[in-house]
Amino acid sequence: MIFVYAISKISGIIHHPHHGVIEPWTFFNFVLASLVVLQEWLYMTNYLNRFGTFNFREIMTMCVNMTTAIYLSNSFLADSSQAYYPFTISMLIMALTVAFSYHCQAMKKGFGEKEAVNERNILLIVSSLLIISLFVNFYIGTILLIIANFSGVFLPVIYKIEFDNNVAKFGHLKERFELLTILFFGEMIVGIAKYFDIKHFTIYPFIALIAIFSLFGTYTILINKMINHHLVTRGLVLMYSHFFLLISLGIIISSWNLVGQEPNKTFLALFYIFGYTGFYLMLFANGIIWTKKNV
1 MIFVYAISKI SGIIHHPHHG VIEPWTFFNF VLASLVVLQE WLYMTNYLNR FGTFNFREIM
61 TMCVNMTTAI YLSNSFLADS SQAYYPFTIS MLIMALTVAF SYHCQAMKKG FGEKEAVNER
121 NILLIVSSLL IISLFVNFYI GTILLIIANF SGVFLPVIYK IEFDNNVAKF GHLKERFELL
181 TILFFGEMIV GIAKYFDIKH FTIYPFIALI AIFSLFGTYT ILINKMINHH LVTRGLVLMY
241 SHFFLLISLG IIISSWNLVG QEPNKTFLAL FYIFGYTGFY LMLFANGIIW TKKNV
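Quick note on full-length UniProt numbering: the sequence shown kicks off at 1 and runs consecutively.
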């Protein structure tokens, strides 16, 4: 439920056009906020997927992580200078809590030790950048925040080890991404619900609903029905395609919310097409999983 709240906050970043369009910096903030939430969710999900036993330490770590996620979410719509320290500290605490979990696993010197060390080291790199950003001026700190964010997302691909695919439970991982995607679709339904005006009946809300059903139907068929739950794979394609698939859904959500706010019609059409194109490209990128195992 906390991630439902976070998703609603992310969507709010690009709900209000300026002179009929979403400004580039506002859109970049939306992408950045999306990547922050998705990567924090992914690191915790990956840990639970590979090593989780839901013991007392893990439960307490998740409680701290989720509490911090609320502060992180509330910083998205605040003024940049006011949100800087709450955002940075929240992101730092979330990174360190998951790094601690991986460290505890690595110290067991057993199953998945290399994988745990790898994830811990990546999170410590991200945490180091965040700590430095707290002691420099706002502009340099902002650059370090951006670097830290993108490092957290892409270092798992760049910082390679000989990964044991048996560590990951692909079926569970796929189910977690499906659940997260359903949350985004739920936010989309909430966004268009206001157009079902009981005093002024129009066909447009039904067109929007049919469009959402088509998106969800295609997703369900290609991801839930066509991908083998029992693949032995790290799941990188599934992870990264969903990062950008969910950002695309966020763009579609915002496109529907812009209707009625007098947006630039050309911009709105292109924005909507951009979201749809990204969604389907990322959806069909998962076709790699149908033919290959070590991805």
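Positions of the beta carbon are idealized from the N, C-alpha and C atoms, including for glycine. Note that the structure is predicted; figures quoted are calculated from it, not measured.
Requested in this report: Starting from the Cα of I89, find the closest Cα among S127, F3 and A99 and give me that residue.
Outcome: On the sequence shown, position 89 is the one that residue 89 refers to. For the residues S127, F3 and A99, the minimum Cα distance to I89 belongs to S127.
Query - Proximity winner among R120, N118 and I147, relative to I132 (alpha-carbon distances) - result: Walking along the sequence shown from the start, residue 132 turns up at place 132. Nearest of R120, N118 and I147 to I132, Cα basis: I147.
Query raised in the report: Any contact of the region 263-277 with the region 194-210, i.e. 3+ C-beta pairs under 8 Å?
Result: no
Query raised in the report: V21 by DSSP, collapsed to three states: which one?
Result: By 1-based counting over the sequence shown, the position of residue 21 is 21. The answer is strand: DSSP assigns V21 an E or B state.
Query raised in the report: Is it the case that the Cβ atoms of I14 and F30 are separated by a distance below 7 Å?
Result: Sequence index remark: in the sequence shown, residue 14 carries index 14 (1-based). Sequence index remark: in the sequence shown, residue 30 carries index 30 (1-based). Against a cut-off of 7 Å, the Cβ pair of F30 and I14 comes out as a contact.
Report task. Quick one: grab the DSSP three-state call for M226. Result -> Position 226 of the sequence shown, counted from the start, is the residue given in the question as residue 226. Reduced to three states, the DSSP call for M226 is coil.
Query raised in the report: Near F27, what residues of its chain come up, given a Cβ to Cβ distance below 7 Å and the 5 sequence neighbours on each side ignored?
Result: Start at 1 with the first residue of the sequence shown, and residue 27 comes out as number 27. Closer than 7 Å at the Cβ level, and outside the excluded window around F27, lie I14.
Query - Local conformation of V195 per DSSP, three classes - result: Within the sequence shown, the letter at position 195 stands for residue 195. Per the sequence shown, the amino acid found at residue 195 is Tyr instead of Val. Coil.
Report task. For A99, I'd like the list of residues in its chain whose CB is within less than 7 Å of its CB, leaving aside the five on either flank, ordered along the chain. Result -> Locating residue 99 in the sequence shown gives position 99, counting from the first residue. Within the same chain, Cβ atoms closer than 7 Å to the Cβ of A99 are found at R120, L123, L124 and S127, the five residues on either side in sequence being excluded.
**Report entry** C-beta contact flag for S34 and I10 at 7 Å
**Finding:** Counting from one through the sequence shown, the residue named residue 34 turns up at place 34. Counting from one through the sequence shown, the residue named residue 10 turns up at place 10. Yes, these two residues count as a Cβ contact at 7 Å.
Query raised in the report: Do you know whose CA, among Q261, K174 and S75, lies nearest N46's CA?
Result: Here residue 46 is taken as the residue at index 46 of the sequence shown, counted from 1. Per the Cα distances, K174.
Query raised in the report: Just the Cα atoms here: how many angstroms apart are L281 and L180?
Result: Indexing the sequence shown from 1 puts residue 281 at position 281. Indexing the sequence shown from 1 puts residue 180 at position 180. Rounded to whole angstroms, L281 to L180 spans 18 Å at the Cα level.
Requested in this report: Determine the direct distance from the alpha carbon of V36 to that of K293, and round the result to whole angstroms.
Outcome: Walking along the sequence shown from the start, residue 293 turns up at place 293. Walking along the sequence shown from the start, residue 36 turns up at place 36. In this prediction, K293 scores a pLDDT of 49, lower than 50, which makes its location untrustworthy; the coordinate-derived value is nonetheless stated afterwards. K293 and V36 have their C-alpha atoms spaced approximately 28 Å apart.
Query raised in the report: Between which two residues does the alpha helix (DSSP H) containing E262 stretch?
Result: As a working note, residue 262 is residue 262 in the sequence shown. Per DSSP, E262 lies in no alpha helix (DSSP H) segment and is marked neither H nor E.
**Report entry** A78, buried or exposed, once every other Cβ within 10 Å from all chains shown has been counted against 16
**Finding:** Taking the sequence shown and counting its residues from 1, one reaches residue 78 at position 78. Exposed is the call here.
**Report entry** The alpha helix (DSSP H) enclosing K9, as first and last residue numbers
**Finding:** Mapped onto the sequence shown, residue 9 falls at position 9. Run containing K9: I2 to G12, per the alpha helix (DSSP H) assignment.
Query raised in the report: For I203, which three-state DSSP category applies?
Result: Residue 203 sits at position 203 when you count from the first residue of the sequence shown. Three-state result, I203: coil.
Query raised in the report: By the 10 Å Cβ neighbour count, where 16 or more other Cβ atoms means buried, how is residue 317 classified, buried or exposed?
Result: Since the first residue shown for the chain is 1 and the last is 295, residue 317 is missing from the structure and cannot be characterised.
**Report entry** Contact set for T291: own chain, Cβ-Cβ below 8 Å, skip 5 residues either direction
**Finding:** Counting from one through the sequence shown, the residue named residue 291 turns up at place 291. In this prediction, T291 has a pLDDT of 48, which is less than 50 and means its spatial position is unreliable; nothing more can be read from the coordinates.
Report task. Can you say whether R50 is buried or exposed, counting buried as having 16 or more other CB atoms within 10 angstroms of its CB? Result -> Taking the first residue of the sequence shown as position 1, residue 50 is located at position 50. Buried, because 16 or more other Cβ atoms sit within 10 Å of the Cβ of R50.
**Report entry** Test item: CB-CB of F279 and L245 under 7 Å
**Finding:** Counting from one through the sequence shown, the residue named residue 279 turns up at place 279. Counting from one through the sequence shown, the residue named residue 245 turns up at place 245. Yes. Within cutoff.
Query - Every unbroken alpha helix (DSSP H) within the region 138-177, with a cutoff of 4 residues, ordered by chain - result: 138-158
Query - Burial state of P24 (16 or more Cβ within 10 Å) - result: Here residue 24 refers to the residue found at position 24 when the sequence shown is read from its first residue. It counts as exposed.
Requested in this report: Would you mind working out which of Y276, Q261, Y272 and A285 sits nearest P17, comparing C-alpha positions?
Outcome: Counting from 1 along the sequence shown, the entry for residue 17 is found at position 17. The shortest Cα separation from P17 among Y276, Q261, Y272 and A285 belongs to Q261.
Requested in this report: Count the other CB atoms, across all protein chains shown, that sit within 10 Å of the CB of M226; report buried if there are 16 or more and exposed otherwise.
Outcome: Along the sequence shown, one-based indexing puts residue 226 at 226. It counts as exposed.
Query raised in the report: DSSP state of H103, grouped into three classes?
Result: Your numbering for residue 103 matches position 103 in the sequence shown. Reduced to three states, the DSSP call for H103 is helix.
Query raised in the report: Among L144, N228, I158 and A168, which has the Cα closest to the Cα of F111?
Result: Along the sequence shown, one-based indexing puts residue 111 at 111. Closest option to F111, Cα to Cα, is A168.
Query raised in the report: Comparing alpha-carbon positions, which option in Y276, P86 and L155 lies nearest F134?
Result: As a first step, residue 134 is located in the sequence shown; it is residue number 134 there, counting from the start. In the sequence as presented, Phe is not what sits at residue 134; that position holds Leu. Considering only alpha carbons, the answer is P86.
Query raised in the report: From residue 304 to T233, what distance separates their C-alpha atoms?
Result: No statement about residue 304 is possible, as the shown extent of the chain runs from 1 to 295 and does not include it.
Requested in this report: Pull up the distance between the alpha-carbon of I272 and that of N55, whole angstroms please.
Outcome: The count along the sequence shown starts at 1 and reaches residue 272 at position 272. The count along the sequence shown starts at 1 and reaches residue 55 at position 55. For the record, residue 272 in the displayed sequence is Tyr; it is not Ile. Between Y272 and N55, the C-alpha separation is close to 44 Å.
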